[in-house]
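Here the structure comes first, spelled out in structure tokens, and everything after it is commentary.
Numbering (our numbering), first residue to last: 3 to 358.
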């Protein structure tokens, strides 16, 4: 027998398995408990257009779901899209009680809790809400703001250098850290760099297994921010290993600085179903995103090395005085091989509270 709280922890962990493959849908996990509190079914939403977490769990449980409890990380949907409404499926299966972590904020799919209560199902919301929100933060932020959740990732030495004075940068961090980056890429819908990074480093921007070099089945969209169309014809980002969008002023318009309008770019990506973006380079593009207030999370890989000179990991972010510094809240610090990985969210302004 498991408690509903324990079941919700498991549901949230299951939901994370869908990171990187469900967009434009959220990640969702579900456990079904029978009347005695035993687990009789579990599932997660694995890919857009596929069965939702509740449907997978109900299929496992069969008749054992009748009279039981469904524990779900996000409110069951109440509309018919590529799949039917999960709220109706739970009602039809005879589920007696539904425990929900987070209410669905979208007008299209919300209302499942109301529908189930009207059918006589007991519904409780808010169980491990904050934990479930963090697990679904990219999707929740995206649908509330109308733009993807942006994570800036960088690698640097202890003194903040991303390359030596002669321009060399391979490798600042260790093989374990680079492998960890590929895991991170695999959870994202898009990877973004500037044209300068493509010209200088010719990255491929794919998700790979560093042990054998094999490509992951699911590849994020590669986005090159290239105001003037400078990306070389033979650049590796133009190969067939992953989809690519080279964004110019002509496509999304220019901002006041004459470069690609970053707000318009993010809105266009949202329209393409992109809910999470990994901003990988370079320091100029990162500075522009930070100055525009468009970065939600920072993940830094810091190597125990000192260079004393060379390219900084971040250039102009619109900060003129210490009082204007971009403030972060550290959420995680981990040692990856010899390197440190820190994760931090940008500290919200009062006007942003509730928007993630």
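Heads up, the beta-carbon is just placed ideally off N, CA and C, and yes, glycines get one too.
Beta carbon of residue 260 nearer than 8 Å to that of residue 292: no
Element boundaries [beta strand (DSSP E), containing residue 32]: 31 to 35
Coil, strand or helix - residue 171 by DSSP: coil
Completely contained beta strand (DSSP E) runs for the region 134 to 170, where each covers 3 or more residues: 151 to 159
Every unbroken beta strand (DSSP E) inside the region 219 to 246 [3 residues or more]: 223 to 227
8 Å contact criterion, which residue 73 and residue 157 should meet: CB distance rounded: In fact, because the Cβ distance is near 39 Å, the residues do not count as touching under 8 Å.
Distance CB(residue 190)-CB(residue 279) smaller than 8 Å: yes
Any non-hydrogen atom of the ligand NAP closer than 7 Å to residue 345 Cβ: Annotation note on the ligand NAP: not contained in the displayed structure, which lists no ligands.
Contact check, residue 4 vs residue 45, beta carbons under 8 Å: no
Nearest-angstrom Cα separation, counted from residue 168 out to residue 145: 43 Å
Length of the line joining the Cα atoms of residue 344 and residue 301: 6 Å
Cα-Cα separation between residue 134 and residue 142, rounded to whole angstroms: 10 Å
Neighbourhood of residue 198 by C-beta, 6 Å cutoff - its chain only, sequence neighbours within 5 removed: 284
Residues of its chain near residue 112, where Cβ-Cβ distance is below 6 Å and the 5 sequence neighbours each way are ignored: 106
Residue interval of the beta strand (DSSP E) (run including residue 301): 299 to 305
Cβ-Cβ distance between residue 77 and residue 101 below 8 Å: no
Segment contact flag, the region 172 to 180 with the region 334 to 348, C-beta cutoff 8 Å, min 3 pairs: yes
Residues that residue 281 bridges to, as DSSP identifies them: 154 and 194
Opening and closing residue of the beta strand (DSSP E) in which residue 343 lies: 341 to 348
Three or more C-beta pairs below 8 Å linking the region 300 to 318 and the region 266 to 273: no
Beta-carbon proximity check, residue 206 vs residue 249, cutoff 8 Å: no
Local conformation of residue 355 per DSSP, three classes: In this prediction, residue 355 has a pLDDT of 42, which is less than 50 and means its spatial position is unreliable; what the coordinates show is noted afterwards. Coil.
Neighbourhood of residue 165 by C-beta, 6 Å cutoff - its chain only, sequence neighbours within 5 removed: 171, 312 and 313
Close-in-space but distant-in-sequence residues of the same chain around residue 88 (CB under 7 Å, 5 per side omitted): 54, 56, 57, 78, 79 and 114
CB of residue 96 within 8 Å of CB of residue 68, strictly: yes
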